[in-house]
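Trainee: Chains as they are written, first to last, in this note's numbering: chain A, 185 to 293; chain B, 1150 to 1261.
Note that beta-carbon positions come from the ideal geometry of N, C-alpha and C, so glycine has one too.
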């Protein structure tokens, strides 16, 4: 079955609202990374965060190993935040990072 | 320099012809990866090298080849391109397993 699940699949916000994106995994974790996918398909690394909490501007990533989840919080969303957010995990029973299906975020003005 | 470079950025290929994509990094990373990204789909791991050891995913084993002549370079080779190979190909590297990956800008392959 699915070892990495991202939710929600899509999300529509009004500018200024907050967003909480989730990545859930089924086994122990070796690595966890959050990416923003540009419209052309290239990836921007947001956080490498296999455990704990990290902050970068309006973004916060929290990974809780024992709960097998990682979240990406976007505060005070802006229209330029629109796009697809991906988590990539290397699970303990794998040998390379694999991606979740992504969350497509749309922020309306 | 944490840059991963990919060449070419855009590639047009004919059905049945071979395709060779190149990736390079100067971070002395042990591991290099190739992913395939199609619209509205997550990037899919195709294969990766740890040092000189190639690991290919079972479901794409026969479709893609790769070589790594030295630590800095890694290629992705398609022997006979089909329409289904049209996609963005993303190369990444990491210093070891289970650590941060650095991605290149991708090569957009269009097969006609």
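If you pair each beta-carbon of the region 269-282 of chain A with each one of the region 1225-1238 of chain B, do three or more pairs fall below 8 Å?
Mentor: A contact between stretches requires three or more CB pairs, one per stretch, nearer than 8 Å, and the region 269-282 of chain A fails this requirement with the region 1225-1238 of chain B.
Trainee: For residue 288(A), does the three-state DSSP call read helix, strand or coil?
Mentor: Translated into the one-based positions of the first chain, residue 288(A) becomes position 104. Strand.
Trainee: Would you decide whether residue 198(A) is buried or exposed? Buried here means 16 or more other CB atoms lie within 10 Å of its CB.
Mentor: Taking the first chain and counting its residues from 1, one reaches residue 198(A) at position 14. So residue 198(A) ends up on the exposed side.
Trainee: If I measure Cβ to Cβ from residue 274(A) and keep anything under 7 Å in the same chain, skipping five residues before and after, which residues do I get?
Mentor: Taking the first residue of the first chain as 1, we reach residue 274(A) at position 90. Non-local C-beta neighbours of residue 274(A) in its own chain, meaning closer than 7 Å and more than five positions away in sequence, comprise 214, 215, 280 and 281, ordered along the chain.
Trainee: Give a yes or no on whether the minimum CB-CB distance between residue 1204(B) and chain A is below 8 Å.
Mentor: Here residue 1204(B) is taken as the residue at index 55 of the second chain, counted from 1. Yes, its Cβ sits closer than 8 Å to a Cβ of chain A.
Trainee: Can you tell me the Cβ-Cβ gap for residue 1184(B) and residue 1241(B), rounded? I've got them flagged as a contact below 8 Å.
Mentor: Locating residue 1184(B) in the second chain gives position 35, where the first residue counts as 1. Locating residue 1241(B) in the second chain gives position 92, where the first residue counts as 1. Their Cβ separation, rounded to whole angstroms, is 7 Å, which keeps residue 1184(B) and residue 1241(B) in contact under 8 Å.
Trainee: Quick one: Cα of residue 1219(B) to Cα of residue 1245(B), how far?
Mentor: Working through the second chain from its first residue, we reach residue 1219(B) at position 70. Working through the second chain from its first residue, we reach residue 1245(B) at position 96. Their backbone Cα atoms lie some 16 Å apart in a straight line.
Trainee: Going by other Cβ atoms of all chains shown within 10 Å of its Cβ, with 16 needed for buried, is residue 1190(B) buried or exposed?
Mentor: Mapped onto the second chain, residue 1190(B) falls at position 41. Exposed, by the Cβ-count rule.
Trainee: Taking CB distances under 8 Å as the criterion, tell me whether residue 1249(B) reaches chain A.
Mentor: As a first step, residue 1249(B) must be located in the second chain, where it is residue number 100. For residue 1249(B), the answer is yes, since a Cβ of chain A falls inside 8 Å of its Cβ.
Trainee: Would residue 1232(B) be called buried (16 or more neighbouring beta carbons within 10 Å of its own) or exposed?
Mentor: By one-based count along the second chain, residue 1232(B) stands at place 83. Looking at its Cβ environment, which holds fewer than 16 other Cβ atoms inside 10 Å, residue 1232(B) is exposed.
Trainee: Which runs of the beta strand (DSSP E), 3 residues or longer, sit entirely within the region 220-285 of chain A?
Mentor: Runs of the beta strand (DSSP E) inside the region 220-285 of chain A: 227-232, 236-240, 243-248, 253-258 and 267-275.
Trainee: In angstroms, rounded to a whole number, what distance separates the CA positions of residue 219(A) and residue 286(A)?
Mentor: Residue 219(A) sits at position 35 when you count from the first residue of the first chain. Residue 286(A) sits at position 102 when you count from the first residue of the first chain. One C-alpha to the other measures close to 9 Å.
Trainee: To be precise: take each residue of the region 191-220 of chain A, compare its Cβ to all Cβ atoms of chain B, and keep it if any distance is under 7 Å. Which residues remain?
Mentor: 214, 215 and 217
Trainee: Work out the CA separation of residue 1255(B) and residue 226(A) for me, nearest whole Å.
Mentor: Here the question's residue 226(A) lines up with position 42 in the first chain. Here the question's residue 1255(B) lines up with position 106 in the second chain. Going by C-alpha positions, residue 226(A) is about 6 Å away from residue 1255(B).
Trainee: Could you confirm whether any beta carbon from chain B is found closer than 8 Å to the beta carbon of residue 226(A)?
Mentor: The count along the first chain starts at 1 and reaches residue 226(A) at position 42. At least one chain B Cβ lies under 8 Å of residue 226(A).
Trainee: Measure how close the beta-carbons of residue 1181(B) and residue 1223(B) come, nearest whole angstrom, since I'm counting them as under 8 Å.
Mentor: For the purposes of this step, residue 1181(B) is taken as the residue at position 32 of the second chain. For the purposes of this step, residue 1223(B) is taken as the residue at position 74 of the second chain. With 8 Å as the limit, residue 1181(B) and residue 1223(B) qualify as a contact, their Cβ atoms being about 4 Å apart.
Trainee: Skipping 5 residues on each side, what residues in its chain have a beta carbon closer than 7 Å to that of residue 235(A)?
Mentor: Here residue 235(A) refers to the residue found at position 51 when the first chain is read from its first residue. Taken in chain order, the residues that qualify are 247 and 249.
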